[in-house]
Every structure is written in structure tokens, then in C-alpha cells.
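Protein chains in written order, with this note's numbering: chain A, 1 to 268; chain B, 269 to 670; chain C, 671 to 974. Heads up: the structure comes next, in C-alpha cells.
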Amino acid sequence: MVEGIGARILLRVWVALILVFLFLPLLLIFFYAFNTSNVESWPIPGLTLKWFSATWNDDNVRTALGLSLQVGLVATVIALVLGSCAAFAIHRTDFFGREVVSLMFILPLALPGIITGIALNAFFSFNNIQLSIWTIVVGHTTFCIVVVYNNVIARLRRTQGSLVEAAMDLGANGFQVFRDITLPLISTSVVAGAMLAFALSFDEVIVTTFTAGAQSTLPIWIFGQIRHGVLLPEVNVVVSFVILVTVIPVLFAARLTGGGGAARVAAR
Amino acid sequence: MRATESSTSLLRWACLAAAAVVTVTACGSSSTATGSTIAPPPTATMKPQASIGAGEGQLNLILWDGYADKSWADPFTAATGCKLNLHPAGSSDEMVSLMKDGGGGQWDMVSASGDADLRLIYSGDVKPMNTDLIPDYQNFQAYFKSPPYNTISGVHYGISLQWGPNTLLYNTKKFTTAPTSWSVIYDKAYQGLVTVPDNPIQIADGALYLMKTKPSLGITDPYELTRPQFDATVALLKSQQPLIKHYWSLAADEITLFQNQDVVVGAAWPYQTIQLKGLPNGSDFADTIPQEGATGWADTWMLATKAAHPNCAYMWAKWVSTAQVQAEQALSFGETPVNSKACAQMDALQSGSCKQYHADETGAAYFNTIKFWKTPLATCDDGSNSCIPYADWVSAWTTIKG
Amino acid sequence: MAVKTTGRLPSKGAGAAPLQGLFWRHPWLRPLLLLAPPVGWFVLIYFAALVLLLVTAFWTIDPFTTQIVQSWSLDNFTTIVSDSTYGTIIGRTVLLAALVTITDAVLAFPFAYYMARVASRRWQTALFAAVLLPLWASYLARLYAWILILNHSGLLNWSLQSIGLPPANIGYSNVAMWLVFSYIWLPFMIIPVYAALERMPESLLEAAADLGARRWRTLRDVVLPLVLPGVIAGSIFTFSLTLGDYITPILIGGASSNLIGNVVYANIGIANNVPFAAALTMVPIAVMAIYLTIAQRLGAFEAL
């Protein structure tokens, strides 16, 4: 359809406005991180770097950051193993209940996070499992598995089965096929899945609120501080940092998979 | 003089305790109700520790906003090595909920108010404490050594902390003279400019208002309401809902609301006023207790049954019971200390504050004017069973907020 | 491609042959071993938790000690159905979700149209990345940014006052929630709509033009029906995420801003009434189940 000049101009204006709408709030936070005043009003009186050092020196922030990193890494590693296994099994074999199992792996992202959160909370208290870093890991791993699974299976569906068959014709055993053929082919999707899973875990607050005890991950610290309203300048710095830490792996992952994988996952 | 006044309160609290116990037995019992003795709290037989060992390096506290201010918390950490992990709660309900299962191994202590204490004790979520380990306990005013809300059959389930009233906070630009009645928070003239706590116990404040303004209802105790009294109070609060800008859950919420001039009047704790007065435009804010009187709270530091850091917990209880810290906390929050020696310290920090906060002998008379938070039970003081229990308050509160 | 080619066949490891044989004789063994850990995780933890939640909805709590009483009862459900407050809250949440969905659809369509049909290849990738970025930039961060904008002395009021208008008082209100939800879920709507528009063959539009349809007619009769599955796919996200959200109403809700999400949250964290919270969560689950069935009928799943 040949859109008229008028329509094109209108569309361009609309796109520009939407882009401003999407990015202005994020840029605002970066601005506020340099605010000299600790009252969050506009316009900003002046710029300073002092909140960066104040935030770094805050013990609670460092503890929360450390916990977020630990949980992210452990959850990602477990999810990598389990998610990839699931992807292989479902891709290769047609078995009874395959559709059901496929659907099962969508649920953690399809259901609102609060349901996953309170279900896990009820599960832990019913089984007298004390809340700790491990319960947080369990919650995160559950949806990280889904992310890895999605990415790996999408790539597996695009790889040619004939490569594997050719290798086996040449006498390679199962393990060698896996190591030399399959793994290199899916490696980028595995890495992409891992990065997305880590980003998801690092930013997660909805499920974590229910699976954490007295521990604070970084998003929980942020949530508490926003409500508390006292350390808001530090919140600005931490939030800017979280934006960068989640965006960079995602950009990287999108590069590796050509954009499709990242788009299909809900950000929590 | 003081003895009779405190014994009247003692009697009131004893009745409450007895009523609570009876209700708990009725609710939680099976078939052995007839002829059996009143069930003691589940943790009654747990012997508290005899001495304070080495600090564990960490202490997880559930507390009201402002109860661990840096000015006395940082010296505590420096002296004992116990790092504080604070979780401010907005209501007694939240405290009880967080403390379930003995604190879940997560939380060590909770600064519970009178309406949470008995619930915590009878759920077995807190355990007895050894008052011998708190040297300043000897200096507590007599009533607060074993108040009925935290001491049962001589067993102490916590160390009394401080007490105070709920106040009416207002913007002096809007109210040039202090409002004399709570009617201002029910007045349509202030539509969208009012805030009250997001807490079902707020219904008692409505009942207190009706106690004075609608005597025909016959309310004598704002926590013991018969069905008609309760319905009238709920109707009052429902009519208030359109006036509310935002129900505050943490003290910080209310401070932000007033600071941003989103509201001009509301129910508050003295803490918010003190914080607001510290701002550059601090003279814009003031508080008062209107003629109908006030509800209030008496707080206790309680030890979680599954506390992971009991030594740090006792060190904290010791610390906040000293006259100096009691005085600092009283002035920071705007409440009254239980340590009789704190009076002198308060006057040293802020002249005239001892009298202002009733930390001296006038305390007893003032104490009796406040309707302290207590858990509403089905059993009324006179023994009849027609009062509305707290569970109904909670569901009514959701209906009120809409 | 990393296929290793050497002159000789690689020798088989000593342990591999029996294992290979085992998998050859029992072909179901390998998928079983591969599936056991992840499926085990899901069934033993996730599903067990969901089932427990469902069962808990039929229990009650002791009002004084707030401990769960494991006796079968329909009390929670009768309360939700009979008390008009919950009807109001559910209605308000569903209405807000619908409003947010419509807003996002309206905002997304021209943007996605430009991306799919007007922009050059390079701009397409750039715009796609631009839409993806905020999606991943931390939910709390984006919510907090709006708190900064909407608060009394924030950017919005400053802008209004600098052009002479009175300050807007929307810091704690349903309007604020509508704005924030529309903002946060917008990328979820743009992406499926863009995908649907991209898949639309040019030939259909040319055919319509050949048959004499002018631009608006083509838009209405050809483009919109083809884009609908994409819009529905996006709406699955906007709807479901709004139904379960509790953080936004807590931080920027006003007096009449209780949504299902924060009532559930309050019942868990404050009232400690897990059975009632569980019963209440059945509502968004039921709503989403109905919505997903309708969406599937309309072909949204292929557009995901």
C-alpha cells in the first residue's frame, strides 16, 4: 500500500512520540542519580557524583547486590541444565503427553507472578521449609527453566536433523555427536537463554517477595526503599545500575539469537 | 494515688487477658473444654536463657518505623557487633503475620503493640524472656514491669518498651488554630485531603469519635462494640472514604503525603510530626489530641520462638531499656518511656520534654485517658458474648476501603 | 559448522558402547532420563505448589491465632461472591485491564505499522531493539520513574505549571495506575502486532487496491482483521499482567484503588489469611482461562 506523504509524516511523528514516551522515564532516573538534592523534585538543582559513593558504601546495598548475584548465578546454572535437557527430550521424541508437557513449561510465565509466589510460599510453609536463599533460588529457577527451554528448543527446531545423521553415519557415538555437532550448533542459543535467565532473575521482585525471608535481593531492597522514602537518592543510583545490568545481557542475547528469543519472554 | 490508678488499669488488663484466654480456649479447643483449666500459652514452659552469650553478629527486627534510628542503632552495632536488619511493619496484623511459625527462623524480635501481644503469645510465636538479664528492668515504672499484655502467670513474654497516643496531624497553613475535634477528618470540606492509617484497628478511632458525638449508641469501650455500634462505626468510616487521598501503611507514606501537600490533615503518630518539623518548612506542620481523646499503643520487645540470634536480641533489649536510649527514643518518636530514670535524661536533651511526654508522675493519669490498642474479642468486658471479634474488623476494613 | 573430519574414524570410548547399546535397545530411555529432572522439578515443586494453593482455598483460618484450620469449607468463596466489595474490586481490576489493553492497542498500532511497512530494514531492527529495551529495563525502575514524574513537585506538574496550567493531582489515583500500566505493558503489545503486520503479504493490499478500495477501506477491511490475532496475543499479556499486579497499586494507588493483586498480597502478608488469598487468586486464573480460550479461537496463539 502506498501510503501518502501525509500519512507517512503522521506515522513518523507518532513513532517519535511513542519513543519519547518509552524512554523519557528511564532517562529521568539516570538524571536523578546525579541530583545534588535528596528531595525528588523537578527541576534538578545541580549535578553531583556523591550518591554513587554513598550507595557503594551502604552495607545493605552491597549485601543485597551480592545476594542477587548469587541467586542469579545458581538459578541460571540449574535452569541451563534442566531447561536444555527438557528441550532435547521434547524436540527429539514424539511421546504421549508431549503437548501437555510443552504447555507445562509455559505456565510459570503465563500465570501472573503473584500466583506463583503465593503458591510457592504456601508450599514451603506447608512442608516446614524455612525461607532462605534456597527458596529464592527455587522460585527463580522455575521460570528461568522456561526461558532456557524456549531458546534452546527454538534453535533446535531450526537445526537440520541430517547433520546428526551424517555424523552418526561417519561412526560417531552419541556423546561425540553431542559434543561436536549439537553443542556448537545450539551454543549461542544456550548462552542467550542463560543471559535472559540471569537478567530475569536479577530483576525479579514479584515472586521473590513471597519466597524470601529476612533476606533482601536488590529488587526487594529497592521496593522497600521506595516505600520507606528515606534513601531515595541511593535508590536512583541502584535502579540505574539495575537497568544497565539487565539491559546489557539482553542486548547481547538478542544479538546471538537475532532478536526472536528475547521478544517472546515476559519481563517480571 | 498512682497505686490505685495503676491497679484499675491492671484490673482492666487482667480482665482482657482472662477474656482472651477464655476465647482462645473456646476457639481452639476440642472436646475437653468442660472442667479443664485455662490452657497456658504454648511456650510457657520454655525456660529462657540464664545468661547472654557471645553476639551472633546479626539481628533481624520487625518494628515500627523509627524504632531503630541510626542515632542509637549505630552505637549499638559498634558496641556489640550485631548488625541490624530492619523490617518496618505498618500494622500489628503485619507483625503477627511476619512472626508466624515462631518468626520462621527469619526474625528475632518484634516491637509488638498491645493488640498483637496476646495473639503472638497464644500462637506460640514468642517465648518467655529472662528479665534478670536486663539491668534497667529494675528501674521500670511498676506497672510496666509486668503489664497484663505481655506477662501471663508471672511469665514475661517480652520487655516493655514505650507507649504513646495516636494524634491528629495537620497543616498549619490550612488550620490556623489547632482543630479541637476529630470531626475534621470526617468533614466533607476536606475531600481528598485526608489520610488515615491502613489498619483495621482504625475502626476503634471511629468508635471513639462516636462515643463522644453519639452517646445514644452507648459505646463505652471502642474495642468492644456490639453489632449496632459496629455497624454505625463502619457507616461513619465508609462516609469518610471519599475524603481519603491515600490510606497510609508506613509512617514514611504519611510523611511524603504531607510533605507533598497531597493531604492537609490526618491521623498519625507523633513520629511523623517530629520528622515533618525537621524539614525546612517544618512550621507548616503540627499535631494535637482533640477533645474526644485518643487511641494509643503500648509496645513490647518480644523474642521470637525460633530466633536465630538470641544473644544479640537480649543485647538489644538491654540497650533500648537504658535511660539514655529510652530518652533518645522518646524524643525521636514522640512517645513515653517506661524507664523512670529516663525523665532526667529527656530534660537534659530537650528542656521540659519529660513533662511534655508525661514521663514523670503525671504519666499515670495521662495513661488512663488513652484507649490503648487491644485485640477486639467476641467476649465483652461484662462477660456477654455479643461483641464483634477482630476477624470481622478485618473484613469490614476491606469493605470500608472499597 | 564444527564437524570434525579426520582421516580415520574416531575410536569409540570403552564405556560408550554399552551405553549406546542400552539406548538403542530401549529408545524411550534417553528422553525419559532427559525429562526426568525438569519434569520432576515442575511436578514435585511447581505443580504441587499450585495444587496446594487450590486446596488451601477451601480451608479457613482460626481468627485469633491466624493459623490454618484444615477443614473443608466453602466460606472463602461465599464471601467473595456475596460481599459486594469484592465484586467491586474484581470489576475495577478487569475494567482497568481492559482499558489498559485498549490504550496499548491504540498506541501500538500506528507504531507497529510504521515499523512493519514503512521503515527501512535498518530502521526496523533499530526500532525493534528500541522497543525491547524498556521491556527489560526493570519493572520497578519504570514504576519508580513514574512516581517521580507524577508526584506533587515532579516533572508533570512542573511542565503544566510552566505553560500556565494548574497542577494535576493524579499522584495517587486510578488514572495514575492506568498511565503506568499502559506504559509498562506497551512493548508487549507492539511486538505481536508488529509480527502480525510483518507477516501480512503485500499482495493482499495490492489486490484490494486493484478492486478499487481506497486507503481507509483497505485498512478497515483487510489490515485490521489480519492484525487482530496480533492484538489479541498482545492483550493476553496486558490483561494477565494487570490482573495479578500488586506493586503498582501499593505504590501509586489512591483510596479507591484496590485491585485483586494487592488485596491478595494484603491477605497474605498482613491478614495472614492464606486460604482467603488463595480463593481470591482463583478469580484471575478463571478470568485468564476464559480469556485464553477466546484468544485461541481467534487465532492469537499463532501470533505469539
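Glycine is no exception: its CB is placed at the ideal position from the N, C-alpha and C atoms.
Under 8 Å between C-beta atoms of residue i and residue j
{"i": "T643/B", "j": "A562/B", "result": "no"}
{"i": "A119/A", "j": "L720/C", "result": "yes"}
{"i": "I9/A", "j": "F781/C", "result": "no"}
{"i": "M870/C", "j": "T918/C", "result": "no"}
{"i": "V934/C", "j": "I114/A", "result": "yes"}
{"i": "L26/A", "j": "A807/C", "result": "yes"}
{"i": "V863/C", "j": "F779/C", "result": "yes"}
{"i": "V137/A", "j": "A75/A", "result": "yes"}
{"i": "L826/C", "j": "A89/A", "result": "no"}
{"i": "S391/B", "j": "Q737/C", "result": "yes"}
{"i": "V237/A", "j": "F52/A", "result": "yes"}
{"i": "D615/B", "j": "S621/B", "result": "yes"}
{"i": "S360/B", "j": "D567/B", "result": "no"}
{"i": "F590/B", "j": "D342/B", "result": "Checking the sequence, you will find Thr at residue 590/B rather than Phe. Not closer than 8 Å, so no."}
{"i": "N328/B", "j": "W375/B", "result": "yes"}
{"i": "L708/C", "j": "G139/A", "result": "What sits at residue 708/C in the sequence shown is Pro, not Leu. The answer is no: Cβ separation not under 8 Å."}
{"i": "Y853/C", "j": "F909/C", "result": "no"}
{"i": "Q540/B", "j": "W340/B", "result": "no"}
{"i": "L856/C", "j": "W816/C", "result": "no"}
{"i": "A585/B", "j": "V423/B", "result": "no"}
{"i": "Q176/A", "j": "L67/A", "result": "no"}
Presumed contact (8 Å Cβ cut-off) between residue i and residue j, rounded CB distance
{"i": "Y658/B", "j": "P733/C", "result": "7 Å"}
{"i": "I226/A", "j": "T209/A", "result": "Wrong, their Cβ atoms sit about 13 Å apart, outside the cutoff."}
{"i": "G323/B", "j": "T573/B", "result": "With a Cβ gap of about 20 Å, G323/B and T573/B do not count as contacting."}
{"i": "G426/B", "j": "M570/B", "result": "4 Å"}
{"i": "L170/A", "j": "V250/A", "result": "39 Å between Cβ atoms; not a contact."}
{"i": "F126/A", "j": "L765/C", "result": "Contact doesn't hold; Cβ gap of about 35 Å is too wide."}
{"i": "I330/B", "j": "L352/B", "result": "Going by Cβ atoms, the distance from I330/B to L352/B rounds to 12 Å, so no, they are not a contact pair."}
{"i": "E560/B", "j": "S449/B", "result": "6 Å"}
{"i": "A520/B", "j": "G229/A", "result": "4 Å"}
{"i": "P945/C", "j": "W729/C", "result": "4 Å"}
Residue i, buried or exposed, once every other Cβ within 10 Å from all chains shown has been counted against 16
{"i": "Q831/C", "result": "exposed"}
{"i": "P184/A", "result": "exposed"}
{"i": "R157/A", "result": "exposed"}
{"i": "S37/A", "result": "exposed"}
{"i": "T666/B", "result": "buried"}
{"i": "S297/B", "result": "With a pLDDT of 33 at S297/B, under the threshold of 50, the modelled position of this residue cannot be trusted, and the question is left open."}
{"i": "G224/A", "result": "buried"}
{"i": "P954/C", "result": "buried"}
{"i": "T291/B", "result": "Any answer about T291/B is weak, because its pLDDT of 36 lies below 50 and its placement is not dependable; what the coordinates show is given next. Buried: at least 16 other Cβ atoms inside 10 Å."}
{"i": "F124/A", "result": "buried"}
{"i": "D393/B", "result": "buried"}
{"i": "T488/B", "result": "exposed"}
{"i": "R762/C", "result": "buried"}
{"i": "P697/C", "result": "exposed"}
{"i": "M583/B", "result": "buried"}
{"i": "D383/B", "result": "buried"}
Contacts that residue i makes with chain A (C-beta to C-beta distance below 8 Å)
{"i": "Y756/C", "result": "The contacting residues do not exist; Y756/C stays about 16 Å from chain A at best."}
Neighbour list for residue i in chain C, Cβ cutoff strictly below 8 Å
{"i": "Q509/B", "result": "A925, S926"}
Neighbouring residues, chain A, relative to residue i (Cβ below 7 Å)
{"i": "T463/B", "result": "Per Cβ cutoff of 7 Å: no residues; T463/B is ~14 Å from chain A at best."}
Amino acids of chain A, ordered along the chain, whose beta-carbon sits closer than 9 Å to that of residue i
{"i": "P356/B", "result": "G224, R227, H228"}
{"i": "L929/C", "result": "None at all; the shortest Cβ gap to chain A is about 11 Å."}
Partners in chain C for residue i, counting only beta-carbon separations shorter than 9 Å
{"i": "E40/A", "result": "I817, L818, N821, S823, G824"}
Within chain B, the residues that residue i reaches when beta carbons sit closer than 8 Å
{"i": "Q737/C", "result": "K368, S391"}
Where residue i meets chain C, residues with beta-carbon distance less than 7 Å
{"i": "Y458/B", "result": "Chain C residues near Y458/B: none, gap ~13 Å exceeds 7 Å."}
{"i": "P657/B", "result": "P733"}
Beta-carbon neighbours of residue i, restricted to chain B and to distances below 9 Å
{"i": "A879/C", "result": "By Cβ distance, chain B contributes nothing, its closest Cβ being about 54 Å from A879/C, past 9 Å."}
Problem set entry | 4 or more residues per run - each alpha helix (DSSP H) lying fully within the region 334-371 of chain B | Counting whole runs of 4 or more residues, the region 334-371 of chain B contains the alpha helix (DSSP H) stretches 338-348, 360-366.
Exercise. Which residues, taken in chain order from the region 124-145 of chain A, show a beta carbon closer than 9 Å to some beta carbon of chain E?
Worked result: Checking the listed chains, one finds no chain E in this structure; the protein chains it contains are A, B and C.
Exercise. Mind pulling the alpha helix (DSSP H) runs of 4 or more residues that sit fully within the region 399-486 of chain B?
Worked result: If we require 4 residues or more, the alpha helix (DSSP H) runs fully inside the region 399-486 of chain B come out as 410-413, 470-481.
For this session: Would you list, in sequence order, the uninterrupted alpha helix (DSSP H) runs of no fewer than 4 residues that lie entirely inside the region 574-602 of chain B?
Result: With a minimum length of 4 residues, the continuous alpha helix (DSSP H) runs that stay inside the region 574-602 of chain B are 578-589, 591-601.
Problem set entry | Complete runs of the beta strand (DSSP E) confined to the region 75-125 of chain A [at least 3 residues] | Runs of the beta strand (DSSP E) inside the region 75-125 of chain A: none found.
Exercise. What are the start and end residues of each continuous alpha helix (DSSP H) run of 4 or more residues lying completely inside the region 500-559 of chain B, in chain order?
Worked result: With a minimum length of 4 residues, the continuous alpha helix (DSSP H) runs that stay inside the region 500-559 of chain B are 519-527, 538-545.
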